[in-house]
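Chain order of the listed sequences is D and H. For the first sequence, the numbering used here begins at 1 and goes up steadily by one. For the second sequence, the numbering used here begins at 342 and goes up steadily by one. Idealized CB from N, CA, C, for every residue including glycine. Computed from a predicted model, the values in this text were never measured in an experiment. Below is one structure, written out as structure tokens; comments come after it.
Protein chains: 2
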Amino acid sequence: MVATLRDVARAAGVSPATASRALSAPELVAPARRALVEKAAQDLGYRPNLAARGLTTGRTGNLCLVVPDLGNPFFAGVAKGVQRRARELGHAVFVADSDEDARLEADLVERLSAQADGTLVCSPRMSDERLAELTADRHVVLVNRRLPGRPSVVVDNTDGMRQAVRHLHALGHRRIGYAGGPEGSWSDARRRDGLKVAAHGLHRLEVVDLGHFAPTVVGGTAAGDLVAAASITAVIAHNDLVALGITERLRVRGRSVPADVSVIGYDDTVGTLGHPALTTVAIRLARLGSVAVDLLLDGRASTGRAAATGADEDDISLPVELVVRGTTGPAPTPPTDGVSR
Amino acid sequence: MVATLRDVARAAGVSPATASRALSAPELVAPARRALVEKAAQDLGYRPNLAARGLTTGRTGNLCLVVPDLGNPFFAGVAKGVQRRARELGHAVFVADSDEDARLEADLVERLSAQADGTLVCSPRMSDERLAELTADRHVVLVNRRLPGRPSVVVDNTDGMRQAVRHLHALGHRRIGYAGGPEGSWSDARRRDGLKVAAHGLHRLEVVDLGHFAPTVVGGTAAGDLVAAASITAVIAHNDLVALGITERLRVRGRSVPADVSVIGYDDTVGTLGHPALTTVAIRLARLGSVAVDLLLDGRASTGRAAATGADEDDISLPVELVVRGTTGPAPTPPTDGVSR
DNA sequence: TTGTAAGCGTTATCAA
DNA sequence: TTGATAACGCTTACAA
Numbered sequence: 001m002v003a004t005l006r007d008v009a010r011a012a013g014v015s016p017a018t019a020s021r022a023l024s025a026p027e028l029v030a031p032a033r034r035a036l037v038e039k040a041a042q043d044l045g046y047r048p049n050l051a052a053r054g055l056t057t058g059r060t061g062n063l064c065l066v067v068p069d070l071g072n073p074f075f076a077g078v079a080k081g082v083q084r085r086a087r088e089l090g091h092a093v094f095v096a097d098s099d100e101d102a103r104l105e106a107d108l109v110e111r112l113s114a115q116a117d118g119t120l121v122c123s124p125r126m127s128d129e130r131l132a133e134l135t136a137d138r139h140v141v142l143v144n145r146r147l148p149g150r151p152s153v154v155v156d157n158t159d160g161m162r163q164a165v166r167h168l169h170a171l172g173h174r175r176i177g178y179a180g181g182p183e184g185s186w187s188d189a190r191r192r193d194g195l196k197v198a199a200h201g202l203h204r205l206e207v208v209d210l211g212h213f214a215p216t217v218v219g220g221t222a223a224g225d226l227v228a229a230a231s232i233t234a235v236i237a238h239n240d241l242v243a244l245g246i247t248e249r250l251r252v253r254g255r256s257v258p259a260d261v262s263v264i265g266y267d268d269t270v271g272t273l274g275h276p277a278l279t280t281v282a283i284r285l286a287r288l289g290s291v292a293v294d295l296l297l298d299g300r301a302s303t304g305r306a307a308a309t310g311a312d313e314d315d316i317s318l319p320v321e322l323v324v325r326g327t328t329g330p331a332p333t334p335p336t337d338g339v340s341r
Numbered sequence: 342m343v344a345t346l347r348d349v350a351r352a353a354g355v356s357p358a359t360a361s362r363a364l365s366a367p368e369l370v371a372p373a374r375r376a377l378v379e380k381a382a383q384d385l386g387y388r389p390n391l392a393a394r395g396l397t398t399g400r401t402g403n404l405c406l407v408v409p410d411l412g413n414p415f416f417a418g419v420a421k422g423v424q425r426r427a428r429e430l431g432h433a434v435f436v437a438d439s440d441e442d443a444r445l446e447a448d449l450v451e452r453l454s455a456q457a458d459g460t461l462v463c464s465p466r467m468s469d470e471r472l473a474e475l476t477a478d479r480h481v482v483l484v485n486r487r488l489p490g491r492p493s494v495v496v497d498n499t500d501g502m503r504q505a506v507r508h509l510h511a512l513g514h515r516r517i518g519y520a521g522g523p524e525g526s527w528s529d530a531r532r533r534d535g536l537k538v539a540a541h542g543l544h545r546l547e548v549v550d551l552g553h554f555a556p557t558v559v560g561g562t563a564a565g566d567l568v569a570a571a572s573i574t575a576v577i578a579h580n581d582l583v584a585l586g587i588t589e590r591l592r593v594r595g596r597s598v599p600a601d602v603s604v605i606g607y608d609d610t611v612g613t614l615g616h617p618a619l620t621t622v623a624i625r626l627a628r629l630g631s632v633a634v635d636l637l638l639d640g641r642a643s644t645g646r647a648a649a650t651g652a653d654e655d656d657i658s659l660p661v662e663l664v665v666r667g668t669t670g671p672a673p674t675p676p677t678d679g680v681s682r
């Protein structure tokens with residue numbers, strides 16, 4: 001049905017070996033024959049069979065990406081970046097969604113990585129031990145998570161939190177809450193750390209830990225009630241969806257954003273979609289994906305490496321940027337009922 | 342490095358052929374040897390090389406999905422459903438994002454479909470001719486688009502529009518707008534048709550075509566201004582993102598939703614995220630994806646086929662459902678300035 | 001029920 | 001510079 005290399009060789013009057021070389025290593029074959037082969041390939045609409053090629057070369061030309069939830073705009077954004085870069089580099093990508101199930105996640109990595117030249121893993125919640133075991137003897141780059149001895153691309157959560165906290169502090173907020181992500185989330189732990197570091201040394205700043213929430217609007221709704229009860233004037237959320245849920249819940253409960261409470265999200269996945277538009281710590285998601293591909297494919301990120309603040313060659317940290325929009329404003333002056341001095 | 346079938350055969354003391362059969366057609370081999378082979382495979386951590394298998398069987402065990410934009414929650418939702426169903430059926434899936442570029446889209450289909458047992462194509466805007474040509478001699482199922490002679494899975498746009506229009510009409514709206522999707526979008530054309538059909542026969546209902554907009558919040562912002570200028574009391578948007586943009590723009594311009602203008606979205610990709618929560622024509626996106634996989638893999642959708650309203654065996658139409666939330670309400674009584682009778 | 005051997009489409013090795 | 005030929009890992013006639 002479809003033309004094979006032998007067909008091309010026959011049509012060009014050369015041996016399959018020469019045809020192969022003419023197409024994959026043109027400099028090794030005489031110009032005249034090369035042209036012959038190229039023409040024959042063109043005419044027959046020849047497409048190399050990548051599976052067959054992979055069998056002998058050991059390289060498949062495929063990558064694979066495992067994420068917990070494609071419906072989460074964070075991962076969709078990363079996937080998009082991965083796609084794009086992989087395509088530019090001539091690779092196809094298997095995408096697998098684990099439905100937030102760590103067992104399935106491991107399964108997918110094992111199954112798919114065998115068919116690929118490398119694997120990108122977004123696994124926020126798998127234990128370090130399991131993840132280390134899973135990624136041993138495999139060509140893997142971790143995305144949005146760091147693990148000793150494994151190459152990874154993350155974002156600078158410490159700096160993100162610092163920017164967020166300083167912004168709130170400058171606006172006069174002195175008691176701010178943190179609505180965290182799911183228990184066990186690696187990036188959530190980093191953001192908590194960052195928050196602690198950032199708060200330290202800032203004058204009279206108190207941080208209230210509101211707990212762990214699902215990284216969704218629904219999770220934010222629950223968080224919103226805690227915000228309302230916590231006598232804080234600002235809250236930083238684990239991500240934008242949670243922030244949106246909080247904002248909405250506060251509105252329902254008659255608290256105004258940002259007049260009564262300021263809200264900051266994380267990731268910048270919802271743009272100006274909410275009302276007021278969400279102030280957020282912006283991550284360049286597609287870049288997170290594309291840098292991961294570069295690191296995976298040649299062991300070093302290509303462009304913009306200088307801008308990275310990573311400690312190690314194989315541990316890249318991408319900058320983040322606070323984008324101030326409508327959900328943050330000056331802290332309300334506290335009621336004069338004695339609590340404040 | 343990694344165990345091959347020969348290794349397993351050797352370890353089990355049988356020939357490669359027997360080992361192969363023991364693993365892929367167990368009933369053909371004596372229980373005793375079968376157990377031997379299974380144990381050996383287990384011990385060696387044997388994993389069949391799928392590329393090699395594909396070379397002889399002609400089946401790869403892979404599917405591929407091409408979408409215009411993974412960042413669009415519509416396609417992310419479809420992708421998720423495709424994933425899930427494919428995984429259940431033991432298939433891996435290549436996902437490709439064409440960045441809304443029809444040329445690239447065709448390219449991706451050509452490149453990837455060669456490595457897969459079948460291809461799912463979401464191509465809202467490619468011309469019928471080009472799409473027909475591209476999908477000839479290829480095992481393809483079209484998603485959210487119909488083309489004569491090609492199997493497809495779509496949603497019932499006619500019914501969706503009917504539900505939306507009837508809802509507005511029942512609320513007393515008599516002049517409603519339609520903020521369409523991009524020029525050339527297949528589903529947009531179907532929704533326009535559906536709108537016409539639905540409006541027909543409804544008492545004194547007038548439909549105003551507001552034009553074509555990008556299927557994004559930004560597109561909706563532009564549409565919002567036209568809504569404000571059009572002296573209509575309700576608008577149906579091409580999708581939820583556009584609806585959100587419209588709602589936000591109207592708010593900025595001092596028009597209240599739904600008191601002044603009712604807004605209906607399409608797809609149900611944003612849930613209750615907006616404020617007020619968006620009334621929308623809900624599509625079960627993941628189901629759209631999973632049904633497409635079923636149709637692709639065995640020529641007939643498995644479960645729930647009865648519920649489908651498709652005309653043809655290979656043209657499945659999925660039901661939609663109007664979900665009434667906060668952005669629709671009774672039509673405002675028109676000012677008594679003579680226009681109304 | 002099992003084994004031998006051929007072949008899937010490609011690249012790599014080796015001589016010529 | 002080119003061409004036989006042997007692999008890559010697997011499945012499948014065909015034969016035993």
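{"Query": "Beta-carbon proximity list for Gly685/H, same chain, < 7 Å, skipping 5 on both sides", "Result": "Residue 685/H lies beyond the stretch modelled for chain H, which goes from 342 to 682, so this question has no answer here."}
{"Query": "Within-8 Å CB hit, Thr279/D to chain H", "Result": "no"}
{"Query": "Residue range of the unbroken alpha helix (DSSP H) whose run includes Glu474/H", "Result": "469–476"}
{"Query": "Buried versus exposed, by CB contacts within 10 Å (16 or more), Ser24/D", "Result": "exposed"}
{"Query": "Closer than 8 Å to chain D by CB, Phe435/H", "Result": "yes"}
{"Query": "The stretch 449–458 of chain H / the stretch 469–480 of chain H touching (three or more Cβ pairs under 8 Å)", "Result": "yes"}
{"Query": "Bridge-paired residues (DSSP) for Gly118/D", "Result": "Leu63/D"}
{"Query": "Exposure of Leu318/D, with buried meaning 16 or more beta-carbon neighbours within 10 Å", "Result": "buried"}
{"Query": "Buried versus exposed call for Thr644/H [16 or more other C-beta atoms within 10 Å across all chains shown]", "Result": "Note that Thr644/H scores 35 on pLDDT, short of 50, meaning its location in the model is unreliable; the coordinates nonetheless yield the value given after this. Exposed: under 16 other Cβ atoms inside 10 Å."}
{"Query": "Contact set between the stretch 34–53 of chain D and chain H, restricted to residues whose Cβ is under 8 Å from the partner", "Result": "Arg47, Asn49, Leu50, Ala51, Ala52"}
{"Query": "Beta carbon proximity, Ala420/H to chain D, threshold 8 Å", "Result": "yes"}
{"Query": "Every unbroken alpha helix (DSSP H) within the stretch 69–94 of chain D, with a cutoff of 4 residues, ordered by chain", "Result": "73–88"}
{"Query": "Extent of the continuous alpha helix (DSSP H) to which Arg255/D belongs", "Result": "Arg255/D -> no alpha helix (DSSP H), and no H or E assigned at all."}
{"Query": "The stretch 585–598 of chain H: positions lying closer than 7 Å to chain D by Cβ", "Result": "Leu585, Glu589, Arg592"}
{"Query": "8 Å contact criterion, which Arg516/H and Ile573/H should meet: CB distance rounded", "Result": "5 Å"}
{"Query": "Contacts of Asp117/D in chain H (Cβ-Cβ under 8 Å)", "Result": "Simply none; closest approach about 12 Å."}
{"Query": "Where Val664/H falls: helix, strand or coil (DSSP)", "Result": "strand"}
{"Query": "Proximity test, Cβ basis, 8 Å: Gln83/D and chain H", "Result": "yes"}
{"Query": "Cβ of His275/D within 8 Å of any chain H Cβ", "Result": "yes"}
{"Query": "Opening and closing residue of the beta strand (DSSP E) in which Leu683/H lies", "Result": "For chain H, the structure presents residues 342 to 682; residue 683/H sits outside this window and is missing."}
{"Query": "Between the CA atoms of Val208/D and Tyr178/D - distance to the nearest angstrom", "Result": "6 Å"}
{"Query": "Terminal residues of the beta strand (DSSP E) in which Glu547/H lies", "Result": "547–553"}
{"Query": "Interfacial residues, the stretch 209–242 of chain D to chain H, with Cβ spacing under 7 Å", "Result": "Val217"}
{"Query": "Start-to-end residues for the beta strand (DSSP E) that takes in Thr233/D", "Result": "First-last for Thr233/D: undefined, no H or E at that position."}
{"Query": "Members of the stretch 527–544 of chain H that neighbour chain D once the beta carbon cut-off is set at 9 Å", "Result": "none"}
{"Query": "Check whether Asp117/D and Leu63/D have beta carbons under 8 Å apart", "Result": "yes"}
{"Query": "Simplified DSSP state of Ser340/D, which is helix, strand or coil", "Result": "Legend: pLDDT at Ser340/D = 44, less than 50; position of this residue unreliable, no value from coordinates given."}
{"Query": "Any C-beta of chain H under 8 Å from that of Asp97/D", "Result": "yes"}
{"Query": "Inter-residue Cα distance where the pair is Lys380/H and Leu391/H", "Result": "21 Å"}
{"Query": "Delimiting residues of the alpha helix (DSSP H) encompassing Ser361/H", "Result": "357–365"}
{"Query": "Asp438/H, DSSP secondary structure in three states", "Result": "strand"}
{"Query": "Cutoff 7 Å; reference Cys122/D; Cβ partners in own chain excluding five residues on either side", "Result": "Val66, Val67, Pro68, Phe75, Val78, Val143, Asn144"}
{"Query": "Spatially closest choice to Thr674/H from Pro599/H, Gly612/H, Val593/H, by CA coordinates", "Result": "Pro599/H"}
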